[in-house]
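Step one of this worksheet: look at the structure below.
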Amino acid sequence: MTDLVTERLVLHPISVDEAERMVAGDPASEADWESGFPTEDDVSVAKRLLERRATTGDPQPFGPYVIRRRSDHRAIGGVDFHTPPDEHGHVTIGYGVVPSARGRGYASEALRALLSLARANGVATVKGDADHENIASHHVMTAAGMRPVGEDERVKYFAVSWTDSAE
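Taking our numbering, the leading residue of the sequence shown gets 1365, the next gets one more, and so forth.
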């Protein structure tokens, strides 16, 4: 699987080696990771990838990606599909960036790239959610083109669907 490149970012599919280093907290070099990377969520995603690869093989293109800035190639976060599309063509996404990289539109830019990849690969609906108080995440999803579709006592749900063919 190749990298997804945006104006300011590179979304790099996480390899087994990279996932193992994330779990161990061991960057290839000190210049590889922004301070705070990987987060607890990034480590959880890396562990899930290692388990998935051991049982079902490589999930790409519907796996996790490290978000790197093009300007310095440092890892600043992650974005992923929780699983491959279900029988209805639906997937759920997750994302996050380290605190020092927040507020610059990186998460929305990365999410837009992931949504484009999903659509190009025949996905019908992409879903996401965020805690009620996580207003920044609500803004990320709406900036990327997702819309609120419901809520429960804990989270707000967002989605984007396509009924036409990929462009």
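From the three backbone atoms N, C-alpha and C, an ideal C-beta is built for every residue, glycine too.
Practice task
Compute the distance between the beta-carbons of leucine 1373 and isoleucine 1457, then report whether it is under 8 Å.
Solution key: no
Handout entry: alanine 1494 in three-state terms, based on DSSP
Key = strand
Exercise for the section: Could you tell me the distance, in whole angstroms, from the CA atom of tryptophan 1526 to the CA atom of histidine 1454? Expected result: 11 Å
Problem - Same chain only: Cβ atoms within 7 Å of serine 1529, ignoring 5 sequence neighbours per side - result: Caution is warranted here: a pLDDT of 46 is assigned to serine 1529, below 50, making its placement in the model unreliable, and no coordinate value can be reported.
Exercise for the section: Let me know the secondary structure DSSP gives serine 1525 once reduced to three states. Expected result: strand
Exercise for the section: Entirely within the stretch 1421–1485 and at least 4 residues each: give me those alpha helix (DSSP H) ranges in chain order. Expected result: 1470–1484
Practice task
Have a look at glycine 1400 and aspartate 1406 and give me their C-alpha separation to the nearest angstrom.
Solution key: 10 Å
Problem - Simplified DSSP state of glutamate 1531, which is helix, strand or coil - result: Since pLDDT at glutamate 1531 reaches only 49, below the 50 mark, its modelled position is unreliable, and no value is offered.
Exercise for the section: Specify the secondary structure class of glutamate 1515 as computed by DSSP and reduced to three states. Expected result: strand
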